[in-house]
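Engineer: Structure provided below as C-alpha cells; questions to follow.
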Amino acid sequence: MSRLSDIALIAQVVATGSHRAFGQLVEAHQGAVRRFLLRLTAGDEMLADDLAQETFIHAWQGLKSFRAASNFETWLLRIAYRAFLDEKRKDREAQPLPEEGSSDWASPSLVTPPRGGAGGGLLRHDLDLALSALSEVERTCVVLQCVEGQSIKDIAAITGMNENTVKSHLLRGKKNMAAYLRRNGYG
Amino acid sequence: MEKRTIDNDELLLKEFFAAHSETIADNGFTERVLAALPQEQEGAVRLRQWNLVLNGTGILAVVGMLVAFGTFGWVRTAMVGLARRMLMGIANFDWDALLVQSMLFLHRLPELLPSAQQMLALELVLISLTVLAAERLARLYK
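This is the structure we're talking about:
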C-alpha cells in the first residue's frame, strides 16, 4: 500500500473513527508486523500474534499522534518493538531467579529456541535457529534490515538507538550470523 | 581482505534470507483486531460528529463562495477589491468602524435571539452588507 493511501485511510480513521478504514490499514500491514514479532519471539506464533494485536490496538488509540513524518509501517514497527520489550520485561519479572551458574542466566525464555505453537516448517525453524545465534539487539537490527527492508535511519527510529550504534550492531550481527551459517553447511 | 569478507557475508545472508522469505496470510487476524478494539465513549463520538458537521459546513461555505464567484460578477469584484485592499496594507483598515459595528451588533443580539429564523435573516443581511461594503471598497481602489 502506498504512503498516500495510508495517509488517506489514517485521515478517515481520525476524522470518522471508521473501523472499515482501520481494517484496511491492519490488513495491509499485518504481514510486516507479525513477521517482525515472529522473528523476535523466535517463532512463537501465538505470542507474536498477541503482541501484534496489542500493537494495532495501541496504534488505534494513538493514531491522532501519528505525524506522517515517518512511514506508517515504521511507526507500527516501533510500537511492536515496544510491545515486545514490555512483554519480555513482564516475562522476566514473572520468572523466579535461576540458581547461580545455571544455564537459564544466559537464555531468557522469550528469545530462545521456539516454544510450542511454532509452525511453518523447517525453513522457518532454520531461520529462527540462525537468528538465535545473535544477541537480541543484533537480531532486531538484522531482522529489520534483511527481512523488513528498513533503512538504518528507520531502524534507529524503531529501536530508539542512534544510527552509529545500529550500524555497529548490524555489522556484528551479520558477521556472527554468517559464521553460524557457514558452520551449519550454508555458503 | 576484511572488505571481501564483509561482502561475502552480505551475499550469504542475502541468499539465506531470500530462500527463507515468507508472506504471512491474514487468516482472520484483521477481524480479531477489529473485534478487540476498545469502544469509544459517547462524548468522544459526539465531539467527532460535531467536528464533522462543522468541517462539512465550512467546506460547503467555501464551495458556495466559489460558485457565487463564478455566477455573480459583482461578488468577484467585491472580493478581489477586498483582497487587494488587504494586500495594500492591513494597517490601513478601518478597525474602529468594524469594532463599533460589532459592538452594536452584540448589543442588539439579545433582542434578536428569540427566533432562529430571525438570526438567520440577520446573518444574511449582515453578509449582504459586508459584500456590498467590499464592492464599494473594490470600486474605490480599482
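If you read the protein sequences in the order shown, they are chains A and B. Numbered by this note's numbering, the letters in the first sequence go through residues 90 to 276 in order. Numbered by this note's numbering, the letters in the second sequence go through residues 328 to 469 in order. Where a beta carbon is used, it is the ideal one built from N, C-alpha and C, also for glycine.
(1) Specify, as a first and last residue, the run of the alpha helix (DSSP H) that residue 175 of chain A falls within.
(2) Could you list the residues in the segment 99 to 120 of chain A with a C-beta less than 8 Å from some C-beta on chain B, going in chain order?
(3) Given a cut-off of 8 Å on the beta-carbon distance, is the pair residue 229 of chain A and residue 254 of chain A in contact?
(4) Assuming residue 115 of chain A and residue 145 of chain A form a contact by the criterion Cβ under 8 Å, report the distance between their Cβ atoms to the nearest whole angstrom.
(5) So, residue 243 of chain A versus residue 163 of chain A, is the Cβ gap smaller than 8 Å?
(6) By DSSP, does residue 492 of chain B sit in helix, in strand, or in coil?
(7) So with Cβ pairs under 8 Å, would you call residue 268 of chain B a contact of chain A?
(8) Got a sec, what are the start and stop residues for the alpha helix (DSSP H) residue 94 of chain A sits in?
(9) Grab me the residues of residue 452 of chain B's own chain with a C-beta within less than 6 Å of its C-beta, minus the 5 sequence neighbours each way, in chain order.
(10) Apart from the five residues just before and just after residue 208 of chain A, which ones in its own chain have a Cβ nearer than 7 Å to its Cβ?
(11) Leaving out five residues before and five after residue 127 of chain A in sequence, what residues of the same chain have Cβ atoms less than 6 Å from its Cβ?
(12) Looking at the structure shown, is residue 156 of chain A part of a helix, part of a strand, or coil, going by DSSP?
(13) With respect to 7 Å, is the separation between the Cβ of residue 214 of chain A and the closest non-hydrogen atom of the ligand GDP below this value?
(14) Would residue 460 of chain B and residue 406 of chain B be called neighbours here (beta carbons separated by less than 8 Å)?
(15) Restricting to Cα atoms, I'd like to know which of A:241, A:106 and A:121 is closest to residue 151 of chain A.
(16) With a threshold of 8 Å, are at least 3 pairs of Cβ atoms found where one atom belongs to the segment 356 to 364 of chain B and the other to the segment 256 to 270 of chain A?
(17) Could you list the residues in the segment 333 to 345 of chain B with a C-beta less than 9 Å from some C-beta on chain A, going in chain order?
(18) Could you check what DSSP says for residue 455 of chain B in three-state terms: helix, strand or coil?
(19) Counting only the same chain and skipping the five closest in sequence on each side, list residues whose C-beta sits under 8 Å from that of residue 232 of chain A.
Structural biologist: So, from the listed chains and residues:
(1) Where residue 175 of chain A is concerned, the enclosing alpha helix (DSSP H) stretches over 161 to 183.
(2) Under the 8 Å Cβ criterion, the segment 99 to 120 of chain A contributes 104, 105, 106, 108, 111, 112, 115, 116, 119 and 120.
(3) No, the pair does not count as a contact, with Cβ atoms beyond the cut-off.
(4) Indeed they touch by this definition, with Cβ atoms about 5 Å apart.
(5) Taking the C-beta atoms as reference points, residue 163 of chain A is found nearer than 8 Å to residue 243 of chain A.
(6) Only positions 328 to 469 of chain B appear in this structure, which leaves residue 492 of chain B out of reach.
(7) Nothing can be reported for residue 268 of chain B, as the shown portion of chain B is limited to 328 through 469.
(8) It spans 92 to 105 - the alpha helix (DSSP H) in which residue 94 of chain A sits, taken as one unbroken run.
(9) Excluding residues up to 5 positions away in sequence, nothing lies with its Cβ nearer than 6 Å to the Cβ of residue 452 of chain B in the same chain.
(10) Low confidence applies to residue 208 of chain A: its pLDDT is 45, below 50, so where it sits in the model is not reliable enough to give any reading.
(11) 137, listed in sequence order.
(12) Residue 156 of chain A: coil per DSSP, three-state reduction.
(13) Because no ligand of any kind appears in the structure shown, any question about the ligand GDP cannot be addressed here.
(14) For residue 460 of chain B and residue 406 of chain B, no; Cβs fall outside 8 Å.
(15) Measuring C-alpha to C-alpha distances from residue 151 of chain A to each of A:241, A:106 and A:121 identifies A:106 as the nearest.
(16) Contact between the segment 356 to 364 of chain B and the segment 256 to 270 of chain A is absent, because fewer than three Cβ pairs lie under 8 Å.
(17) Hits within the stretch, in order: 333, 335, 336, 337, 338, 339, 340, 341, 342, 343 and 344.
(18) In the structure shown, the three-state DSSP call for residue 455 of chain B is helix.
(19) Result list for residue 232 of chain A: 125, 128, 129 and 220, in chain order.
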